[in-house]
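In UniProt numbering, the protein residues as written are 1 to 474. Even glycine gets a Cβ: it sits at the ideal position worked out from N, Cα and C.
#1: Leaving out five residues before and five after residue 345 in sequence, what residues of the same chain have Cβ atoms less than 6 Å from its Cβ?
#2: With distances taken between CB atoms, is the gap from residue 174 to residue 30 smaller than 8 Å?
#3: Label residue 450 either buried or exposed according to how many other C-beta atoms from any shown protein chain fall within 10 Å of its C-beta, with 16 as the threshold for buried.
#4: Which same chain residues, not among the five before or five after residue 74, have their C-beta less than 7 Å away from its C-beta?
#5: Examine the Cβ distances between the stretch 368–379 and the stretch 397–404 and report whether three or more of them are shorter than 8 Å.
#6: With distances taken Cα to Cα, identify the nearest neighbour of residue 379 among 368, 367, 393.
#7: What residue does the alpha helix (DSSP H) around residue 6 start on, and which one ends it?
#8: With DSSP as the reference, label residue 120 as helix, strand or coil.
#9: Based on the DSSP secondary-structure assignment, which residues constitute the bridge partners of residue 125?
#10: Just to confirm, are residue 254 and residue 127 a CB contact at a threshold of 8 Å?
#11: Any contact between the stretch 98–111 and the stretch 197–209? By contact I mean 3 or more CB pairs, one from each, below 8 Å.
#12: Residue 321: which of 299, 369, 358, 303 sits nearest, CA to CA?
#13: Whose C-alpha, out of 108, 63, 81, is nearest the C-alpha of residue 389?
#14: Closest to residue 134 by CA distance: which of 161, 111, 148 is it?
#15: At the level of alpha carbons, what is the spacing between residue 222 and residue 277?
#16: Could you name the residues of the same chain whose beta carbon sits closer than 7 Å to that of residue 298, not counting the 5 residues immediately before and after it, in chain order?
#17: Is residue 83 buried or exposed, if buried means 16 or more other CB atoms sit within 10 Å of its CB?
#18: Compute the distance between the beta-carbons of residue 80 and residue 186, then report whether it is under 8 Å.
#19: For the pair the stretch 150–161 and the stretch 60–69, tell me if three or more CB-CB distances fall below 8 Å.
#20: Alpha carbons only, please: which of 354, 38, 66 is nearest the one belonging to residue 339?
#21: Ordered along the chain, which non-local residues of its own chain (more than five positions away) have a Cβ less than 8 Å from that of residue 387?
#22: Nearest CA to the CA of residue 11: which residue from 37, 213, 26, 93?
#23: If you check the beta carbons only, do residue 218 and residue 247 fall under 8 Å apart?
#24: The beta strand (DSSP E) spanning residue 29 covers which residue range?
#25: As a quick exercise: from 454, 435, 466, pick the residue whose alpha carbon is nearest that of residue 447.
#26: Taking all protein chains shown into account, do 16 or more other C-beta atoms lie within 10 angstroms of the C-beta of residue 316, making it buried, or fewer, making it exposed?
#27: Which whole runs of the alpha helix (DSSP H) in the stretch 274–354 are 4 residues long or more, in chain order?
#28: Relative to the C-alpha of residue 419, which residue among 383, 456, 356 is closest?
#29: For the alpha helix (DSSP H) that contains residue 87, what are its first and last residues?
#30: Check for me: the beta strand (DSSP E) holding residue 156 runs from which residue to which?
#31: Since residue 216 is in the alpha helix (DSSP H), which residue starts that stretch and which ends it?
#32: Which term fits residue 463, buried or exposed, when burial requires 16 or more other beta carbons within 10 angstroms of its beta carbon?
#33: Would you kindly work out how many angstroms separate the C-alpha atoms of residue 305 and residue 453, rounded to a whole number?
#34: Give every residue of the same chain whose Cβ lies closer than 6 Å to the Cβ of residue 78, excluding the five residues on either side of it in the sequence, and list them in chain order.
#35: Between the stretch 131–145 and the stretch 268–287, do three or more beta carbon pairs fall short of 8 Å?
#36: Excluding sequence positions up to five away, which residues of its chain have a Cβ less than 6 Å from the Cβ of residue 256?
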């Protein structure tokens with residue numbers, strides 16, 4: 001019998017409950033990462049789940065995990081295969097048991113259930129959340145809004161977060177298992193997918209994936225630059241090196257455990273004093289926690305058009321030809337609205353967009369283009385380096401008015417948002433070189449060129465009209 005530690009969105013060795021549990025079983029251990037086949041299957045729009053920047057970050061994360069495990073004498077096999085097919089194949093030749101993260105999305109729960117039906121013992125551990133499943137501080141229905149959730153978990157005694165696990169335990173290594181003909185080497189596939197993507201150190205998101213990079217950045221952000229002090233004031237900016245924490249990708253892939261990040265923020269506050277910035281960082285971690293437990297509570301409903309709102313009417317997309325034009329211009333970051341195009345180009349080039357940029361892109365997609373919000377969520381899922389299923393789909397549903405927003409949807413004026421958060425046009429000019437000769441105000445005037453001739457030789461007129469209220473510029 002061997003113990004297979006099946007890593008998923010928890011690509012680390014520090015504060016790793018999977019390794020701690022493996023040690024308690026006293027069997028030889030083999031590390032495994034599986035790239036599921038369905039992640040690479042294109043949908044009706046030609047999108048899968050692994051864009052080039054995302055593939056590069058995952059590859060870096062796996063390389064680092066392999067190195068960290070090798071230091072402890074353990075092997076990591078990285079394969080492309082459906083988990084049930086591969087593990088059942090191995091189990092028929094070499095009895096094994098599997099330790100993996102507790103399921104969040106329904107597809108994960110289905111895979112784990114299928115493994116058990118195949119006669120494989122599967123042990124689930126919490127690896128991605130602050131709260132333990134057996135100590136959730138609410139009874140009855142899941143809190144309907146974040147504010148209610150926060151009141152439940154952030155009591156007078158603080159959020160009940162357990163201490164991160166200690167150093168990784170000593171484990172006996174199992175030999176790698178033969179790669180069957182139906183499986184592929186995942187790292188080679190990821191390298192091919194990301195071969196034409198290059199990280200630009202001048203772009204905002206230029207951090208490498210992996211546990212060691214994540215640990216270094218966490219210490220740099222909190223203790224070397226003390227950037228948490230201004231987080232609440234700067235988190236809605238669009239450009240710059242330390243305006244945001246840049247922890248999201250490390251958390252999404254589990255390079256860092258959320259418990260460790262929480263604890264290091266508390267350590268920072270103990271040494272330097274709590275402040276609105278550090279406190280708001282922890283609030284953002286609670287938002288992440290909220291969406292993770294919401295996905296577990298509501299399951300497949302999170303991915304339905306009506307979301308959590310059973311009464312949500314089905315709004316038809318524009319006529320087919322218009323919807324097709326919108327889609328093509330969106331994918332080319334060529335909508336003719338500079339604020340939208342700049343954020344699209346940043347996302348496609350880097351795999352990242354600011355919090356403010358994401359909200360405006362989702363709002364424009366849903367409330368101005370009138371397209372199915374789930375299609376937009378899938379587009380983000382393809383491109384985002386920090387794609388986190390619970391947070392991505394939860395936030396899109398929130399903007400669309402079918403999630404946890406009591407207001408029933410959020411529309412942002414791209415013109416007013418740009419004027420407020422990029423008043424000098426620094427972000428616009430960085431991502432739209434064709435507009436660098438224009439002032440920020442002149443760039444915003446391009447939002448209202450629908451129906452006109454193209455205003456510049458290499459920049460188109462706006463592809464749709466904005467509401468009259470958006471015309472009001474300061």
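Quick answer:
#1: Cβ neighbours of residue 345 beyond the five flanking positions: 333, 431.
#2: The criterion of a C-beta distance shorter than 8 Å is satisfied by residue 174 and residue 30.
#3: With fewer than 16 other Cβ atoms within 10 Å, it is exposed.
#4: Excluding sequence positions up to five before and after residue 74, its CB lies within less than 7 Å of the CB of 29, 31, 171, 173, all in the same chain and listed in chain order.
#5: Contact check between the stretch 368–379 and the stretch 397–404: three or more CB pairs, one atom from each, fall below 8 Å, which counts as touching.
#6: The residue with the shortest Cα to Cα distance from residue 379 is 393.
#7: Looking at the DSSP string, residue 6 is not in any alpha helix (DSSP H); the run it does join, the beta strand (DSSP E), is 2–7.
#8: In the three-state reduction of the DSSP assignment, residue 120 falls in the coil class, being assigned neither a helical nor a strand state.
#9: Residue 125 has 101 as its beta-bridge partners, per DSSP.
#10: With respect to residue 127, residue 254 sits close: the two C-beta atoms are nearer than 8 Å.
#11: The answer is no - the stretch 197–209 does not touch the stretch 98–111, with fewer than three Cβ pairs under 8 Å.
#12: Residue 369 is the option with its Cα nearest to residue 321.
#13: Here the closest residue by C-alpha is 108.
#14: Restricting attention to 161, 111, 148, the CA atom closest to the CA of residue 134 is found in 161.
#15: C-alpha separation (whole angstroms): 11 Å.
#16: Counting only residues of its own chain and dropping the five nearest sequence neighbours on each side, residue 298 has a CB closer than 7 Å to the CB of 308.
#17: Looking at its Cβ environment, which holds 16 or more other Cβ atoms inside 10 Å, residue 83 is buried.
#18: Yes, the Cβ-Cβ distance between residue 80 and residue 186 is below 8 Å.
#19: Output reads no: the stretch 60–69 does not touch the stretch 150–161.
#20: Minimum Cα-Cα distance from residue 339 among the listed residues 354, 38, 66 corresponds to 354.
#21: Cβ within range, chain order: 49, 54, 252, 380, 381.
#22: Ranking the options by Cα distance to residue 11, first place goes to 213.
#23: Inclusion of residue 218 and residue 247 in the CB contact set at 8 Å is warranted, their separation being smaller than that value.
#24: 29–35 is the span of the beta strand (DSSP E), which, as asked, contains residue 29.
#25: Distances from the alpha-carbon of residue 447 to those of 454, 435, 466 put 466 closest.
#26: Residue 316 should be labelled exposed.
#27: Listed in chain order, they are 276–298, 320–331, 338–350.
#28: Sorting 383, 456, 356 by C-alpha distance to the C-alpha of residue 419 places 356 at the top.
#29: Taken as a continuous stretch (DSSP letters only), the alpha helix (DSSP H) holding residue 87 covers 83–93.
#30: Looking at the DSSP string, residue 156 is not in any beta strand (DSSP E), and its letter there is neither H nor E.
#31: Start and end: 211–219.
#32: When all chains shown are included, residue 463 counts as buried.
#33: Distance between the alpha carbons of residue 305 and residue 453 is about 36 Å.
#34: These residues qualify, in order along the chain: 33, 62, 186, 187.
#35: Three or more Cβ pairs closer than 8 Å define a contact, and the stretch 131–145 falls short of that threshold against the stretch 268–287.
#36: If you ignore the 5 residues before and after residue 256, its C-beta comes within less than 6 Å of the C-beta of 214, 250, all in its own chain and listed in chain order.
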